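Going by my numbering, the residue at position 450 of the sequence shown is 1142; the numbering climbs one at a time, nothing skipped.
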Amino acid sequence: EAILARELERAKAFEAKYKGKVATLDPKAFTAMMRELADYEESSTKPEVYAYLLHSQDTQDHAAGRLLARVREASAERGSHLVFFSLELAQVSDEHAARLYADAESATYQHTVEEARKFRPHQLSEPEERVLTDFSPVGNASWVRLFEELCARIHVGIDGQELTLDQALTLMREPDREVRRKASIAVTEALNGDVRTRGYLFNVILQEKAIDDRLRHFPTWLSSRNLANETSDEAVQALVDEVTSRYDISARYYRVKRQLLNVGELHEWDRYAPVSDMEEFFKNGWIDAPVTSGKAGGAYCMPVTPHHHPYVMMNFTGKLRDALTLAHELGHGLHDRLAVKQHIFDYHPPLTLAETASVFGEALTFDRIMAEEKDPKIRLAMLCSQCEDAFSTVFRQVAFNRYEDAIHTARRGEGELSVEQLGELFQDKLQPMFGDALILTDEHKVWWSYVSHFMHTPGYVYAYAFGNLLALSVYHRYLELGEPFVDDYLEFLAAGGSTRPDELVRRIGMDITDPGFWDAGLKILDGMVTEVERLASTKTPLS
């Protein structure tokens, strides 16, 4: 409480000192203001990060939930005193911006100023922004927290055992098809338990997004996310169009997998079926890996500030997939550690770049394991697993994007959507990535209801495809150039969020505005499937 009270007083003092002056400060005073704000952000960020990590460990712990609510309320109270800053920063004129950028010290904040100016057409008045900030603790964040707690409370009954949702989903990678099928049915039953409650929460979040977009004059439901990601609606649409036009890659793979598994028809429980059985973060205790009751599902790397190390949270169940997940999250950690030279406003990369180091690290780890594995059967199994993971982060995430597009559009045009509508749209947008090679059953329709990104960050998911294809292209360039590429790559990561994605990628010799850029990444996936087809042609189908 003492820390929260201190940070509130600092916010009030900052407001008293700079309100009404931000857009006209001379370079020296502007630099002093930004340094003061950076120091404030450094210290005020830590309580909420701590509370969020504590809540992730056990979402059923009332004390942890109460602490998270308290620090979020305190954050909103502080934020109401800082609303003026982003509004005034966006009002910096072209002429004054030029003066700031001509000064060596204030030019450090050019990217921060330009990003703020982009949002000028979408800002409300200060009193309106203050009201929204005051209401934020009981708005979207509360609904998302309730959704997370409902999901963490889900227990799946299988053969007399009560499993967490993450543990049950792990069974979808078991070699025994009956085990997978039973797990899938059990997960569906568990998800159906309070799906109407989660469906209502989803509708509330969808409508809140619609209201916010209308008030801020965003042309589409995705425009605000694209602006924050420092990319355009057109560039994202080009990515989506390119990926959906190559769903044949995914369908080809699952046709091969159907032959390898020697089954007449694949279903959702066969998506991840194995085709064969098969220093810093550790030393300092920055990784929370055990699977425990009440723990949040999935995995993430939580950055804090440039002067405080990140944390990794995951659920390690001992599978190869978990090792690659750890490599993925440590890639995020490396990105965060290398970006420490940036000030806090340029520390975090936009979502479009945030997956580069993680996917690169995962690919590097996979190739190292593959290089040491000589058994062709195991190599095939590993390559299949890698294909499936790549498809999950490219084709599946774009399919998720198509689902989000459908539900946001429908919610705005038709009103509240029923659970049945949410399920039908989910099925309609997911099935095309499999073609006729894998058939999703009616039971799959409820599986939208545990995907937290739909609630947490609407529009987030396409960034996985963007980042994955970008990372594959970056990794391919590393394989081509070898050691000389390493320094450029590390500088790329060290830039954090200080440079627009298109410019940063150009520095390492690639152009994301080139229409053929995404096709290059998709050709890598195409090549992986071709190799699976080659290896599979010499393998006897599983009985």
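Glycine residues also receive a C-beta, built at the ideal position from the N, C-alpha and C atoms.
Note that the structure is a prediction, hence the values are computed from the model and not measured.
- The bridge partners DSSP lists for Q853 are I850.
- Approximately 7 angstroms separates the beta-carbon atoms of V1166 and I1200; this is inside 8 angstroms, confirming the contact.
- Assignment of beta-bridge partners to L1130 by DSSP yields L958.
- Counted as a single uninterrupted DSSP element, the stretch harbouring P1150 is not any alpha helix (DSSP H), since DSSP gives it neither H nor E.
- Cβ-Cβ separation between K1121 and A1157: approximately 14 angstroms, too far for a contact (criterion under 8 angstroms).
- Here I903 is exposed, its C-beta having fewer than 16 other C-beta atoms within 10 Å.
- Runs of the beta strand (DSSP E) spanning 3 or more residues and lying entirely within the segment 814-885 occur at 847-850, 853-856, in chain order.
- A distance below 9 angstroms separates the beta carbons of H1040 and A1046.
- For the pair L779 and A743, the Cα-to-Cα distance works out to about 29 angstroms.
- Per DSSP, Q1123 is not a residue of any alpha helix (DSSP H), being assigned neither H nor E.
- Closest by C-alpha distance to L1114, out of E821, D753, V887, is V887.
- With 16 or more other Cβ atoms inside 10 Å of its own Cβ, S767 counts as buried.
- With contacts defined as CB atoms closer than 9 angstroms, Q749 and A756 qualify as a contacting pair.
- In the three-state DSSP reduction, E1108 falls in the coil class, being neither helix nor strand.
- In this structure V1178 is exposed. Its beta-carbon is surrounded by fewer than 16 other beta-carbon atoms within 10 angstroms.
- Across the structure, Y945 and L1056 are spaced so that their CA atoms are roughly 22 angstroms apart.
- Within the same chain, G1151 come within 6 angstroms of R917 by CB-CB distance, once the 5 residues on both sides are set aside.
- By a beta-carbon distance limit of 8 angstroms, W1139 contacts L883. Their separation comes to about 7 angstroms.
- Note on Q1089: 16 or more other CB atoms within 10 angstroms of its CB, so buried under the neighbour-count rule.
- For E699, the enclosing alpha helix (DSSP H) begins and ends at 694-710.
- With contacts defined by Cβ atoms closer than 9 angstroms, H1100 and Q1119 do not form a contacting pair.
- In the displayed model, D1067 falls within coil according to three-state DSSP, outside both helix and strand.
- Shown here, L717 sits in coil according to DSSP, grouped into three states, outside any helix or strand.
- S1141 sits buried, since 16 or more C-beta atoms from the chains shown fall within 10 Å of its C-beta.
- Closest option to R1013, judged by alpha-carbon separation, among C1076, L952, F910, L1173: C1076.
- E960 and D858 have their C-alpha atoms roughly 16 angstroms apart.
- The C-beta of S876 has 16 or more other C-beta atoms within 10 Å across all chains shown, which makes the residue buried.
- For F811 against A782, the beta-carbon gap comes to about 6 angstroms, under 8 angstroms, which counts as contact.
- One thing to note: H773 has its Cβ no nearer than 9 angstroms to the Cβ of F1037.
- Assigned with DSSP and collapsed to three states, P1042 falls in coil, not helix or strand.
- With respect to the C-alpha of M1074, the residue from A1091, F1092, E1054 having the closest C-alpha is E1054.
- E1223 sits in a helix when the DSSP states are folded into three classes.
- Nearest in C-alpha terms to E734, of all of A1019, Q1034, T751, L1022, is Q1034.
- Boundaries for T923: no alpha helix (DSSP H) harbours it, and the DSSP string shows neither H nor E there.
- Here L1185 is not near H999, since their CB atoms are 9 angstroms or more apart.
- According to the DSSP assignment, Y793 belongs to the alpha helix (DSSP H) that extends over 786-794.
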